[in-house]
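Visitor:
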Amino acid sequence: MKSPVLFFCCLSMVMAAPPRAERSINFQRRLELNPHKTSAGQEIIKGDIILEHSDRKFVANEMYHWPIDPQQGVPVIPYYISHESENDRVAIRNALTYWETNTCIRFEETTNTNQVHMHFIKDGNGCYSVVGYDAYYPQRTISIGQGCEDLPATAHEIGHNIGFFHEQDRSDRDENLEMRWENLDPNDYSIFQKEETINDVEYDYSSLMQYIARAWSINGKITMMPHDPYVTRLMGNAPGLTFRDLLSANTVYGCVDKWESECGSRMCNEGYVGHDCTCVCPRGTTGDDCSQVEEPYYHPQLVSCGGNVTSADGSFNIQSPNYPSHFPGNE
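Residue numbers for the sequence shown, in mature numbering (1 follows the signal peptide of the UniProt record, and there is no 0): -16 to -1, 1 to 315.
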């Protein structure tokens, strides 16, 4: 099995669905409009990640994982909401609660900014975050800028802070995507630089951390072609965290091991034991032990694609959206 970028916690028996805030390509467009530097002068790379040190290979390095609280046995992450982010408190809390509901990670608000903590700010229109924990940089900044206050966008930035790079940054990216470099500005090639990542969970085209297929395109054409073109429309459109996102987090942060020790080991096939001692199953599988495979992993998200068209007189005209201009990306 192969995974995204790095690690996480856990989810419950049935993943709590986020409020139906559709994560459209608007968030992607927001990232493409992000400034190249923060207001503090730090460089922003890969669209929404603050560059701290160039030689860092976070995903595969445990020193950048948030530590496990020895008393609670789970990661407990302090967070601070700055004055300029006060109006976004509800959005931030909703996203943190979403993570808590679906993982064993816990968040505690703090006023002690000398300790390592998530530090929420609002840097104008900037939507970005550092990646992971770092004892030498206690302020782990997340900017929830204008237009990024919806649940999927905020949860995406928190994902970086917990330790995820983008899905397309995975070291096994080329086994799953074909890069169309000719459709990118050479100055943007670094956005798609691969990282050293933990790939214990299968690549997920529908991941909350995946960019759209036309990300940073200079001509409207696809820049990342999945080896399975059928799933192109899923890329960059996740309304929330996927099973594989959470399996990756839960595995790296030891949540699954913790739950198995509390619940007793049980067979969950391609799923895993959740906090309530039931199996958390991948999309398309059912049953107490996830043994009944009813459809492929991506199919539940693609059911609205396709269908039959019947004409009373045997003739009709079919026209794609936005004709004769380019077809909207990922629709």
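Backbone N, C-alpha and C fix where the C-beta goes; we use that ideal spot for every residue, glycine too.
Could you compute how far the alpha carbon of N145 sits from the alpha carbon of W83?
Guide: As a working note, residue 145 is residue 161 in the sequence shown. As a working note, residue 83 is residue 99 in the sequence shown. The alpha-carbon atoms of N145 and W83 are separated by roughly 12 Å.
Visitor: Is the number of C-beta pairs between the segment 119 to 135 and the segment 97 to 110 that are closer than 8 Å three or more?
Guide: A contact exists between the segment 119 to 135 and the segment 97 to 110.
Visitor: DSSP three-state call for L161: helix, strand or coil?
Guide: Locating residue 161 in the sequence shown gives position 177, counting from the first residue. The answer is strand: DSSP assigns L161 an E or B state.
Visitor: Tell me which residues share the same chain as Q152 and place their Cβ nearer than 7 Å to its Cβ, disregarding the 5 neighbours each side in the sequence.
Guide: Locating residue 152 in the sequence shown gives position 168, where the first residue counts as 1. Cβ neighbours of Q152 beyond the five flanking positions: L161, F176, Q194, Y195 and M208.
Visitor: Decide yes or no for the touch test of the segment 202 to 221 against the segment 55 to 69: beta carbon pairs closer than 8 Å, at least 3 of them.
Guide: Taking 8 Å as the limit for Cβ pairs, the verdict is that the segment 55 to 69 does not touch the segment 202 to 221.
Visitor: Is it the case that the Cβ atoms of C88 and Y281 are separated by a distance below 8 Å?
Guide: Taking the sequence shown and counting its residues from 1, one reaches residue 88 at position 104. Taking the sequence shown and counting its residues from 1, one reaches residue 281 at position 297. Against a cut-off of 8 Å, the Cβ pair of Y281 and C88 comes out as no contact.
Visitor: Using a 10 Å radius around the Cβ and a threshold of 16 neighbouring Cβ atoms, would you call Q285 buried or exposed?
Guide: To locate residue 285, count along the sequence shown from 1; it is residue 301. Buried, since its Cβ has 16 or more Cβ neighbours within 10 Å.
Visitor: Taking the alpha carbon of L168 as the point to measure from, which residue in G271, I128, A199 and C265 has its own alpha carbon closest?
Guide: Here residue 168 is taken as the residue at index 184 of the sequence shown, counted from 1. Of G271, I128, A199 and C265, the residue nearest in Cα terms is A199.
Visitor: Going by DSSP, what residue range makes up the beta strand (DSSP E) through residue 369?
Guide: Lying before the first or after the last residue shown, residue 369 is absent from the chain, which here runs from -16 to 315.
Visitor: Locate the beta strand (DSSP E) running through F104, then write down its first and last residues.
Guide: Counting from 1 along the sequence shown, the entry for residue 104 is found at position 120. Counting along the chain, the beta strand (DSSP E) containing F104 begins and ends at H101 to I105.
Visitor: Please report the distance separating the alpha-carbon of P62 from that of W243.
Guide: For the purposes of this step, residue 62 is taken as the residue at position 78 of the sequence shown. For the purposes of this step, residue 243 is taken as the residue at position 259 of the sequence shown. If you take the alpha carbons of P62 and W243, they lie about 23 Å apart.
Visitor: How big is the Cα-Cα spacing for V277 and F227?
Guide: By 1-based counting over the sequence shown, the position of residue 277 is 293. By 1-based counting over the sequence shown, the position of residue 227 is 243. Looking at the two C-alpha atoms, the distance is approximately 15 Å.
Visitor: Taking the DSSP output, what are the residues bridged to F91?
Guide: As a working note, residue 91 is residue 107 in the sequence shown. The partner list for F91 (beta bridge, DSSP) reads I61.
Visitor: Can you list, in chain order, the residues of its chain whose CB lies under 7 Å from that of C252, leaving out five sequence neighbours each side?
Guide: As a position in the sequence shown, residue 252 is number 268, starting the count at 1. Result list for C252: C263, D273 and C274, in chain order.
Visitor: Which residue's Cα is closest to the Cα of I182: G224, D156, I206 and G108?
Guide: What you label residue 182 is simply residue 198 of the sequence shown in a count that begins at 1. If we check each option's Cα against that of I182, D156 comes out closest.
Visitor: Using only the alpha-carbon positions, how far apart do I142 and N234 sit?
Guide: Translated into the one-based positions of the sequence shown, residue 142 becomes position 158. Translated into the one-based positions of the sequence shown, residue 234 becomes position 250. The alpha-carbon atoms of I142 and N234 are separated by roughly 15 Å.
Visitor: Throw me the rounded Cβ distance for the L192 and L225 pair, which I believe falls under 8 Å.
Guide: Within the sequence shown, the letter at position 208 stands for residue 192. Within the sequence shown, the letter at position 241 stands for residue 225. Contact holds; Cβ gap of about 5 Å.
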